[in-house]
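A.B. asks:
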Amino acid sequence: MHDQQELANQLSTGSAHAGCILDEPATQRCTQFLELLYTWNKVHNLTGTLCRSEAVSRHLLDSLSIAPLLKGRRHLDIGAGAGFPGLPLAICRPADQWTLLDSRGKRVAFLRQACATLELTSVVAVHSRVENYRPTENFDTLVSRAVAALPALMDMARHLCGEGVRVIAMKGIFPETEIRELPDSLRRRADVVRLEVPGLDAERHAVIFDY
1 MHDQQELANQ LSTGSAHAGC ILDEPATQRC TQFLELLYTW NKVHNLTGTL
51 CRSEAVSRHL LDSLSIAPLL KGRRHLDIGA GAGFPGLPLA ICRPADQWTL
101 LDSRGKRVAF LRQACATLEL TSVVAVHSRV ENYRPTENFD TLVSRAVAAL
151 PALMDMARHL CGEGVRVIAM KGIFPETEIR ELPDSLRRRA DVVRLEVPGL
201 DAERHAVIFD Y
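Numbering (full-length UniProt numbering), first residue to last: 1 to 211.
What follows is the structure in structure tokens.
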């Protein structure tokens with residue numbers, strides 16, 4: 001098992017380079033979150049194989065890399081899965097309100113347990129498909145990581161994209177084909193930002209749509 005202090009040091013140093021500085025309590029929450037995820041993943045297979053030596057860069061720092069791109073204070077994580085990117089971002093920005101949306105019950109159960117364990121009172125996990133989700137208030141930012149190709153994602157979430165909303169879709173290599181397949185109105189909005197994730201030897205990009 002990786003030493004907790006080693007993971008904390010890796011996270012603390014990496015988060016600063018990723019654009020989201022974590023204080024000691026936030027760093028501890030992130031490492032605690034990883035431990036909880038490891039435990040649940042053994043039984044429920046929430047996120048496939050989870051390699052401890054790569055988890056900080058591949059999951060936590062990758063999630064935190066979009067922190068500087070968030071707009072406003074109310075955010076929705078579409079297809080939150082095992083909590084990435086929403087939970088690390090909620091830990092990084094405790095004053096913000098987060099809704100973590102997922103269609104699989106066991107993942108939502110994990111997210112709720114994680115929020116309770118980590119005392120994240122500004123985070124709510126909701127069991128729903130995005131196309132069926134009707135919030136009572138609008139969000140400032142919608143985020144998505146490894147959920148769907150851009151045309152499908154933007155179609156499913158179109159009812160949430162009101163005036164002033166920002167959508168951030170996290171991708172690997174530059175998603176040229178996905179952008180090309182978007183309707184003209186969306187393709188003109190798309191702004192692609194390259195993400196720098198410390199310790200991750202892979203291309204990462206964010207596609208941003210501002211309404």
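Cβ coordinates follow ideal geometry from the N, Cα and C atoms, glycine included.
1. So the candidates are Glu54, Pro25 and His159; which of them puts its Cα closest to the Cα of Tyr38?
2. One question on the structure: do residue 223 and Ser122 come within less than 9 Å of each other, judged by their Cβ atoms?
3. Using DSSP's beta-bridge definition, name the partner residues of Leu101.
4. Leu60 and Gly14 - do their beta-carbons sit closer together than 9 Å?
5. Whole angstroms is fine: what's the gap from Arg58's alpha carbon to Leu142's?
6. List the residues that DSSP assigns as beta-bridge partners of Leu195.
7. Among Cys92, Asp96, Ala18 and Cys51, which one has its Cα closest to the Cα of Pro25?
8. On the DSSP bridge list, what partners appear for Asp210?
9. Strictly by DSSP, which residues pair up with Glu142?
10. Taking all protein chains shown into account, do 16 or more other C-beta atoms lie within 10 angstroms of the C-beta of Ser65, making it buried, or fewer, making it exposed?
11. For the stretch 106-113 and the stretch 78-92, state whether three or more C-beta atom pairs, one from each stretch, are separated by less than 8 Å.
12. What is the DSSP secondary structure of Arg134, reduced to helix, strand or coil?
13. Taking 8 Å as the threshold, find out whether the stretch 43-52 comes into contact with the stretch 136-150 through three or more Cβ pairs.
14. Let me make sure I understand the geometry here. Which of Ser103, Asp191, Lys71 and Thr117 has the alpha-carbon closest to that of Leu87?
15. Which stretch, first to last residue, makes up the alpha helix (DSSP H) that contains His17?
16. Assuming Cys161 is part of the alpha helix (DSSP H), what are its boundary residues?
17. So, for Leu11: in the same chain, excluding its five sequence neighbours on each side, which residues have a beta-carbon less than 8 Å away from its beta-carbon?
C.D. replies: In brief:
1. Of the listed residues, the one whose Cα sits closest to Tyr38 is Glu54.
2. Outside the modelled stretch of the chain, which goes from 1 to 211, sits residue 223, for which no answer is possible.
3. Answer is Ile78 and Val126.
4. Yes. Within cutoff.
5. Whole-angstrom Cα-Cα distance: 21 Å.
6. Beta-bridge partners of Leu195 (DSSP): Arg204.
7. Closest option to Pro25, judged by alpha-carbon separation, among Cys92, Asp96, Ala18 and Cys51: Cys92.
8. In the DSSP output, where bridge partners are listed per residue, Asp210 has Arg166.
9. Note on identity: in this sequence residue 142 is Leu, with Glu being the wrong assignment. Per DSSP, Leu76 and Val167.
10. Residue burial is scored here from C-beta neighbours: Ser65 has at least 16 other C-beta atoms within 10 angstroms and is therefore classed as buried.
11. Yes, the stretch 106-113 is in contact with the stretch 78-92.
12. Three-state DSSP puts Arg134 in coil, outside helix and strand.
13. The stretch 43-52, when compared against the stretch 136-150, does not touch it at the 8 Å Cβ threshold.
14. Closest by alpha carbon: Thr117.
15. Residues Gln4 to Ala18.
16. Cys161 -> no alpha helix (DSSP H), and no H or E assigned at all.
17. Leaving aside the five residues that flank Leu11 on each side, the residues in its chain whose CB is nearer than 8 Å to its CB run, in chain order, Leu22, Thr27, Cys30, Thr31, Val56, Leu60 and Leu61.
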